[in-house]
Each structure stands twice: as C-alpha cells, then as structure tokens.
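Each protein sequence line maps, in turn, to chains S and P.
The numbering used here puts the first residue of the first sequence at 30, with every later residue one more than the last.
The numbering used here puts the first residue of the second sequence at 2, with every later residue one more than the last.
Note that CB positions come from ideal geometry on N, CA and C, so glycine has one too.
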Amino acid sequence: MSNLLDVKGLNVTFPTVDGEVRASVDLNFELNRGETLAIVGESGSGKSVSSLAIMGLHNRAQTLISGEVILHGSKGSTELISASEETVRGLRGKEMAMIFQDPMSSLHPYYSIGAQISEAWAIHNDGSKRDGMKRAIQMLDLVEIPSAAKRAHEFPHQFSGGMRQRAMIAMALVNNPSLLIADEPTTALDVTVQAQVLQLLQNMQKEFNMGVILITHDLGVVAEFADRVNVMYAGKIVETAGVEDLYYRSMHPYTIGLLRSIPRVDQIDNHRLDAIKGAPPSLINLPIACSFAPRCEYSSLVPGGLCNQSQPELEQKEAEHFARCFLPAERIAEVRS
Amino acid sequence: MSTPILEIKDLKKYFPISGGAFGKSKGAVKAVDGVDITVMPGETVGLVGESGCGKTTVGRTVMKLYEPTSGQIFFDGEEITNLRGRAMKPIRSKMQMIFQDPYSSLNPRHTVGRIISSSFEIHGINPVGGTKIAVQELLERVGLNPEHINRFPHEFSGGQRQRIGIARALALRPKLIVADEPVSALDVSIQAQVVNLLDDLQQEFGLSYLFVAHDLSVVQHIADRVVAMYLGKVMEEAPTAQLFAHPRHPYTKALLSAVPIPDPRVERSRERIILKGDLTSPANPPAGCVFSTRCWKATDLCHQVAPLPLELTPGHRVACHFPE
Chain S
30 MSNLLDVKGL
40 NVTFPTVDGE
50 VRASVDLNFE
60 LNRGETLAIV
70 GESGSGKSVS
80 SLAIMGLHNR
90 AQTLISGEVI
100 LHGSKGSTEL
110 ISASEETVRG
120 LRGKEMAMIF
130 QDPMSSLHPY
140 YSIGAQISEA
150 WAIHNDGSKR
160 DGMKRAIQML
170 DLVEIPSAAK
180 RAHEFPHQFS
190 GGMRQRAMIA
200 MALVNNPSLL
210 IADEPTTALD
220 VTVQAQVLQL
230 LQNMQKEFNM
240 GVILITHDLG
250 VVAEFADRVN
260 VMYAGKIVET
270 AGVEDLYYRS
280 MHPYTIGLLR
290 SIPRVDQIDN
300 HRLDAIKGAP
310 PSLINLPIAC
320 SFAPRCEYSS
330 LVPGGLCNQS
340 QPELEQKEAE
350 HFARCFLPAE
360 RIAEVRS
Chain P
2 MSTPILEIKD
12 LKKYFPISGG
22 AFGKSKGAVK
32 AVDGVDITVM
42 PGETVGLVGE
52 SGCGKTTVGR
62 TVMKLYEPTS
72 GQIFFDGEEI
82 TNLRGRAMKP
92 IRSKMQMIFQ
102 DPYSSLNPRH
112 TVGRIISSSF
122 EIHGINPVGG
132 TKIAVQELLE
142 RVGLNPEHIN
152 RFPHEFSGGQ
162 RQRIGIARAL
172 ALRPKLIVAD
182 EPVSALDVSI
192 QAQVVNLLDD
202 LQQEFGLSYL
212 FVAHDLSVVQ
222 HIADRVVAMY
232 LGKVMEEAPT
242 AQLFAHPRHP
252 YTKALLSAVP
262 IPDPRVERSR
272 ERIILKGDLT
282 SPANPPAGCV
292 FSTRCWKATD
302 LCHQVAPLPL
312 ELTPGHRVAC
322 HFPE
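Next up, the structure:
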C-alpha cells in the first residue's frame with residue numbers, strides 16, 4: 030500500500046460576529062491507496078467541513094484554512110491548501126472525487142444523467158460528445174444500472190434514490206480517481222438499498238484501488254466497511270485506530286459511550302440504554318479544556334480536575350492507536366470492561 | 002383479556018392520483034391496503050418498513066389526520082373511524098402524536114410555554130395549580146429546565162426540541178402516543194437519551210406507543226411487538242424477540258440482514274441478503290404478493306396470488322406462501 034493523502038495540522042475556521050467557529054482543529058491523518066478511512070462524528074463535529082476543505086469546495090471568502098493537505102496523485106504530489114484554484118480544479122474530479130448524502134440535490138434536474146456524467150468526463154479528457162456518452166453508459170453499466178444505454182438519457186427525477194446514488198458514484202469514478210470522499214453516502218437510503226450501494230462502493234474500491242474516506246455517523250456502516258477510523262468530537266479527532274482496535278479496545282470515553290448507547294438488531298435487550306448525558310458543545314469560543322469533559326463519566330478519575338483546565342493531546346495509547354484523553358491506557362481498559 | 006387501546010381492522014387509505022381528463026383521478030396510490038394492528042394498554046408496537054411502505058400513513062390515519070378509505074379504527078373499544086371535528090376532540094386528548102422533525106413541528110414564533118399550554122387551551126382544561134406550573138412540571142419531567150418556559154424553539158438543540166414535542170404530547174395525559182420516527186433526526190448520542198425518556202414515561206404514565214420507525218435497532222430496543230410493512234401491507238407481525246431472532250417472512254429476513262451491526266467481526270462474518278431493485282411504486286403494485294418482484298423465493302404462485310396472513314405460531318403472523 031502506498032501513501033495517497035497526508036493531512037497535516039488542518040484547521041478550518043469560520044469567523045462570525047459572535048466569534049470564531051473552529052469547525053476543525055489540528056487534523057492529522059493519512060490515507061493509503063486501497064484503504065478505507067472512516068470519519069465518525071455527530072453533526073457539527075467537523076467531519077464534513079474538513080473533507081470539503083480537502084476537496085477545495087469550501088467557500089473561500091468565509092473560511093479560514095491553515096495546514097497542509099498533500100495528495101500523492103498519479104502525476105506527483107500536490108499541496109492542496111496553498112495550490113491555485115486552477116491546480117485544484119485540474120485535480121478535482123480527476124484525481125479526487127466526492128459523493129454526497131443527497132443525490133437529488135447534487136444532480137442537476139435539467140440535464141440527463143448521461144449528459145452529466147459525460148460532462149464530468151469531458152472536463153478532463155479530449156473527445157467528442159459521443160465519446161463522452163459512450164463512457165457514461167459504460168460507467169452506468171459498471172454501477173449496475175439496468176439497461177444503461179436507455180437510462181443514460183433519462184433525468185434524475187426518473188431515477189429512484191438508490192439509482193441516483195449509483196449515478197453519483199458513476200460520475201465520481203468516471204476519471205478513475207485515486208481518492209474518493211464519500212460524505213454520508215447511504216444516509217438518505219433505505220437499509221436494503223444501503224446494503225446494495227455499500228457493496229457497490231466496496232467493489233469499485235477494489236477495482237480502482239482507490240483510497241476512500243467514508244464520512245458517517247453510523248457505527249454499523251463503519252464496522253462493515255472501514256479499515257481505520259477517526260472519531261471526531263467538537264472539531265477534533267479524539268480517537269484514531271484500526272477498526273477492530275476501535276470497537277474492541279476503545280481508548281476514548283466518547284467512543285466507549287457511543288458504542289454502549291446504540292441498540293443492536295442481533296442482540297435482544299430490555300435494559301435501559303447507556304446514554305451519554307448532555308449535548309455536544311457550541312464551537313464558538315470553546316474553552317481550553319477537554320471538550321468532552323462536561324459529558325464524561327470518567328473525568329473524576331483524572332486527578333486535579335485536569336480535564337477542565339487543559340486540552341489533552343492526541344497521544345499514543347497502544348500501537349497504531351491514539352486517543353485524546355488524560356487517562357492512561359490501563360485505566361481506560363479498566364473502565365471499559 | 003382487556004380491551005385493546007387501539008385496534009385497526011382492514012384499514013385502507015388510498016390517495017387519488019389526479020391529472021386525468023377533466024381533473025378526474027387516474028388511479029390511486031394504495032398507501033395502506035388492508036392493515037390490521039392491535040395495541041394493548043401499556044404496550045409498544047413497532048411499525049417498521051422502508052420509505053413508501055405506508056407506515057407513516059397508518060400513524061396519521063389512526064390520528065384521523067387522514068380520513069381512512071375503508072376499514073375500522075377502534076380507540077379503547079370505541080369506534081372512531083367516522084368521527085370528525087367536535088366528536089373527535091375528546092378522543093384526540095387521549096391520543097397524541099410525536100413527529101419526526103423537531104425543527105418543523107414546533108411553531109418558531111411561539112414560546113415553549115405557549116406551545117405546550119395550547120393543548121390545555123384547545124381542550125378547555127385548567128390544570129391544578131395553573132397552566133404555568135403545569136407546563137413547568139412537564140418541562141422538568143422531560144428533562145428540560147423549567148425556567149426556559151419563555152424561550153423560543155430556535156434556542157434549543159434538536160434533542161431538546163424533541164423533548165418539547167414529547168412534553169406537548171404528554172400535556173393532556175394521553176393513553177396512546179403515535180410516535181412517527183421520533184429519534185431518527187437526532188444524533189447518535191442524543192437518540193439513546195430520548196429513547197430512555199420514552200421508556201421512563203411509559204412506565205410512569207402507563208402509556209401505549211405505536212412507534213413508527215425505519216431504524217430496526219431502535220425498534221428492537223423499544224418495542225414489545227413488531228409489525229413489518231411492505232407496500233401498504235403487513236408482511237409479518239410477531240413479539241419483538243421472536244421477530245428479530247427468527248424472522249419468517251423473506252422480506253423481514255432481508256431487512257434485518259441489511260442492517261449493519263456495530264461490531265466488525267460479527268458484521269464481516271454474517272451472511273447478507275442483498276435484495277435486487279428498489280421498492281416498487283405503491284401506485285402500481287405488482288399482482289399477487291407485493292414483495293414477489295424482489296423476493297428470491299418467489300414462484301408463479303407468488304406472482305399470481307397474494308398470500309393471506311397466517312398465524313404460524315401464537316402471536317406470529319406471516320403473509321407468505323413459503324415462510325422460512
């Protein structure tokens with residue numbers, strides 16, 4: 030596996046009249062080819078915002094971005110944050126692509142599905158309209174749209190939700206990107222259709238050897254699909270680990286709480302759910318302290334009220350396993366069991 | 002046996018499709034097509050299925066927000082199918098609804114106090130100790146600060162707004178609450194809080210719930226019995242533990258197998274049934290069994306004859322020619 034993406038110290042800030050909203054703070058992670066990194070978090074945790082910044086899709090006038098994002102594409106490495114708009118535009122849709130939660134609002138209602146896919150192709154390739162349409166039909170076929178040659182001439186409203194998401198995937202993959210960011214790709218879909226789309230994504234990833242960043246709030250989807258996981262809370266990565274380590278040896282109280290609070294279809298339970306108390310903090314003028322401390326069951330185990338006085342660093346707890354918590358690994362293992 | 006709090010018999014709700022010549026209807030969307038559901042006092046019945054299966058329409062028809070096309074609805078032994086307006090009002094105070102979207106189900110220009118107390122006003126009730134005290138007690142009961150009575154909905158988070166919706170539903174001390182996807186708009190860490198609240202309130206007030214949801218894991222937790230719908234018809238009904246452990250209808254089986262389990266080793270080693278295609282349009286349901294177009298077991302019989310629900314074991318009804 031070779032390195033595809035390096036994110037170093039990425040900050041995304043929105044200045045507002047009430048103060049700065051620090052939507053994502055000091056993000057560091059990397060992604061290899063063929064690998065799936067899941068980014069898990071609740072609304073407002075910064076998971077979507079940071080991906081939009083990587084893709085250069087943020088509103089430049091209203092967003093402050095610092096840090097480095099290096100994409101190791103097929104034609105050398107590029108630092109995306111400092112790169113010109115033109116450079117990023119040359120990479121977007123070719124080396125890196127993105128699919129969104131709501132396929133209805135990310136497809137143009139006025140153009141046929143085939144025309145939209147062929148446009149995505151034509152931006153980065155020389156060829157006639159006919160070549161583009163041919164390529165679009167080929168892609169629709171690949172994402173298992175039945176009678177693709179006919180359906181390519183249909184419009185988004187004639188497609189069902191699942192088919193629209195397949196069409197979005199076809200469009201994202203039309204130029205064989207090496208990086209795919211999938212932002213809640215199946216959240217709007219029914220579970221039976223979600224299963225189809227996730228399987229398709231997995232097959233496509235193998236076929237193109239893509240690195241995939243999967244943004245989701247669904248820990249079931251993560252368990253199924255991810256190799257590694259970043260858990261985000263209040264704009265920061267609070268835990269990062271391989272998928273099995275994260276689920277079976279969670280090292281951050283937030284992750285532990287999340288996993289405990291969700292009921293499962295394969296286990297019948299009658300007890301009360303172990304809910305995490307409270308709600309996520311507002312991102313405006315966050316105090317210098319652990320953002321999770323007010324909701325944390327274990328902050329009393331840390332001596333001297335440290336959790337409310339200073340910000341824990343993302344520290345190594347085990348091999349390849351980092352968490353932003355003052356509690357040492359042994360103590361966390363105790364409270365987890 | 003005691004009287005069911007809610008009994009629905011052969012309920013049908015068709016929505017006409019307009020646009021034919023001279024404004025005549027071109028047909029009908031059979032959103033609910035012959036559904037029987039019983040909810041006993043203190044029981045939670047989960048109504049599950051994918052979007053477009055008719056589960057929300059069942060909930061709304063029960064509340065008489067829609068007029069049923071045919072069939073019967075009994076509330077606490079009394080038939081309410083044809084009750085309207087003033088005759089329905091005393092019933093409404095005993096059955097309340099919680100909606101999915103806490104952002105659009107609260108009037109943004111009214112304070113929380115006014116939103117909750119409007120229930121008292123409409124039904125001409127003067128609570129003991131005054132309206133304000135009653136509202137504050139309700140706020141406290143659902144886990145909100147009673148001092149926030151003069152705040153507006155936008156000052157609350159999604160989870161808190163859902164609590165306001167619950168307080169409003171509770172104000173008249175109903176017997177039945179129809180909850181339509183009450184937690185699906187909430188963040189994962191907030192969902193569990195609201196589910197626990199609903200659990201507690203049920204214990205405290207002896208409530209019955211008709212819990213409409215697509216999230217099977219939440220339904221597994223909260224429901225005593227589960228009804229699975231597909232294209233306006235009930236496919237399977239069983240006590241929760243039985244339905245989740247031994248689904249007998251191919252649709253229920255596929256639906257359960259499609260829900261990802263938050264446990265990597267379990268999730269990656271389980272067998273998954275991937276259904277072909279999407280939900281068929283309820284405007285044009287297939288002949289025979291409505292699920293036959295996506296079912297891997299379907300035979301000629303299924304394409305021609307709709308199976309009737311059969312009670313295979315006590316309390317476990319399945320509408321399938323070839324149950325598992």
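What residue range does the beta strand (DSSP E) around residue i cover?
{"i": "Arg226(P)", "result": "226 to 231"}
{"i": "Tyr262(S)", "result": "257 to 262"}
{"i": "Arg249(P)", "result": "Arg249(P) -> no beta strand (DSSP E), and no H or E assigned at all."}
{"i": "His317(P)", "result": "317 to 319"}
{"i": "Glu108(S)", "result": "105 to 108"}
{"i": "Ser32(P)", "result": "According to the sequence provided, residue 32(P) is Ala. The question's Ser does not apply to it. Unbroken beta strand (DSSP E) run through Ala32(P): 28 to 40."}
Just the chain S side, please: which residues come within less than 7 Å of residue i by C-beta, in chain order?
{"i": "Gln194(P)", "result": "Ala304"}
{"i": "Ser52(P)", "result": "Asp219"}
{"i": "Arg273(P)", "result": "Ala224"}
Could you tell me which chain S residues have their CB closer than 9 Å to the CB of residue i, listed as they occur along the chain?
{"i": "Leu276(P)", "result": "Thr221, Val222, Ala224, Gln225"}
Pull the bridge partners of residue i from the DSSP assignment, please.
{"i": "Phe76(P)", "result": "Leu7(P), Glu79(P)"}
{"i": "Ala180(P)", "result": "Ile99(P), Phe212(P)"}
{"i": "Gly48(S)", "result": "Thr45(S)"}
{"i": "Asp35(S)", "result": "Glu59(S), Ile99(S)"}
{"i": "Pro240(P)", "result": "Arg226(P)"}
{"i": "Pro17(P)", "result": "Ala29(P)"}
{"i": "Gly334(S)", "result": "In the DSSP output, where bridge partners are listed per residue, Gly334(S) has none listed."}
{"i": "Phe351(S)", "result": "Thr269(S), Gln345(S)"}
How would you list, in chain order, the residues of chain P whose beta-carbon sits under 7 Å from the beta-carbon of residue i?
{"i": "Val294(S)", "result": "Leu217, Ser218, Gln221, Phe245, Leu257, Val260, Ile262"}
{"i": "Ala252(S)", "result": "Pro261, Ile262, Pro263, Asp264, Pro265, Glu268"}
{"i": "Ser72(S)", "result": "Asp188"}
{"i": "Ala308(S)", "result": "Ser158, Gly160, Ile191"}
{"i": "Arg301(S)", "result": "Asn197, Asp200"}
{"i": "Ser189(S)", "result": "Asp279"}
Ordered along the chain, which non-local residues of its own chain (more than five positions away) have a Cβ less than 7 Å from that of residue i?
{"i": "Ile116(P)", "result": "Leu107, Asn108, Ile165, Arg169"}
{"i": "Gly53(P)", "result": "Leu280, Pro283"}
{"i": "Arg365(S)", "result": "Ser279, Ile285"}
{"i": "Gln225(S)", "result": "Gly191"}
{"i": "Val220(P)", "result": "Gly47, Val49, Phe212, Ala214, Val227"}
Buried or exposed for residue i, please, with buried defined as at least 16 other CB atoms from any protein chain shown within 10 angstroms of its CB.
{"i": "Ile291(S)", "result": "buried"}
{"i": "Thr4(P)", "result": "exposed"}
{"i": "Ala90(S)", "result": "exposed"}
{"i": "Leu275(S)", "result": "buried"}
{"i": "Ser218(P)", "result": "buried"}
{"i": "Glu68(P)", "result": "exposed"}
{"i": "His215(P)", "result": "buried"}
{"i": "Val46(S)", "result": "exposed"}
{"i": "Thr300(P)", "result": "exposed"}
In chain P, what lies closer than 8 Å to residue i by C-beta?
{"i": "Val272(S)", "result": "Pro265"}
{"i": "Tyr276(S)", "result": "Pro263, Asp264, Pro265"}
{"i": "Leu288(S)", "result": "Pro263"}
Counting only Cβ pairs nearer than 8 Å, list the residues of chain S close to residue i.
{"i": "Arg142(P)", "result": "By Cβ distance, chain S contributes nothing, its closest Cβ being about 17 Å from Arg142(P), past 8 Å."}
{"i": "Ile165(P)", "result": "What Ile165(P) touches in chain S: nothing, since even the nearest Cβ is about 14 Å away."}
{"i": "Thr241(P)", "result": "Ile297"}
Within a Cβ cutoff of 8 Å, which residues of the same chain sit near residue i, ignoring the five residues on either side of it in sequence?
{"i": "Asp256(S)", "result": "Glu64, Thr65, Leu66, Gly271, Val272"}
{"i": "Ala135(P)", "result": "Ser118, Phe121, Pro128, Val129, Ala172"}
I need the boundaries of the alpha helix (DSSP H) containing residue i, first residue and last residue.
{"i": "Glu122(P)", "result": "113 to 123"}
{"i": "Gly249(S)", "result": "248 to 254"}
{"i": "Gln305(P)", "result": "301 to 305"}
{"i": "Glu148(P)", "result": "Segment: none, Glu148(P) is in no alpha helix (DSSP H) and carries neither H nor E."}
{"i": "Phe237(S)", "result": "220 to 237"}
{"i": "Ala358(S)", "result": "358 to 365"}
{"i": "Glu268(P)", "result": "265 to 270"}
For residue i, which residues in chain P fall below 9 Å Cβ to Cβ?
{"i": "His246(S)", "result": "Asp188, Val189"}
{"i": "Leu249(S)", "result": "The question names Leu, yet the displayed sequence has Gly at residue 249(S). By Cβ distance, chain P contributes Ser218, Val260, Pro261, Ile262, Pro263, Asp264, Glu268."}
{"i": "Gln228(S)", "result": "Arg273, Ile275"}
Short of 6 Å in beta carbon distance, which residues of its chain neighbour residue i, apart from the five on each side in sequence? Order them along the chain.
{"i": "Met98(P)", "result": "Met64, Val179"}
{"i": "Gln305(P)", "result": "Gly289"}
{"i": "Lys265(S)", "result": "Val54"}
{"i": "Ala82(S)", "result": "Val41, Ile94"}
{"i": "Gly278(P)", "result": "Arg295"}
Using a Cβ-based criterion (distance less than 8 Å to any ligand heavy atom), does residue i qualify as near the ligand GTP?
{"i": "Glu238(P)", "result": "In the structure on display, the ligand GTP does not appear, and there are no ligands present to speak of."}
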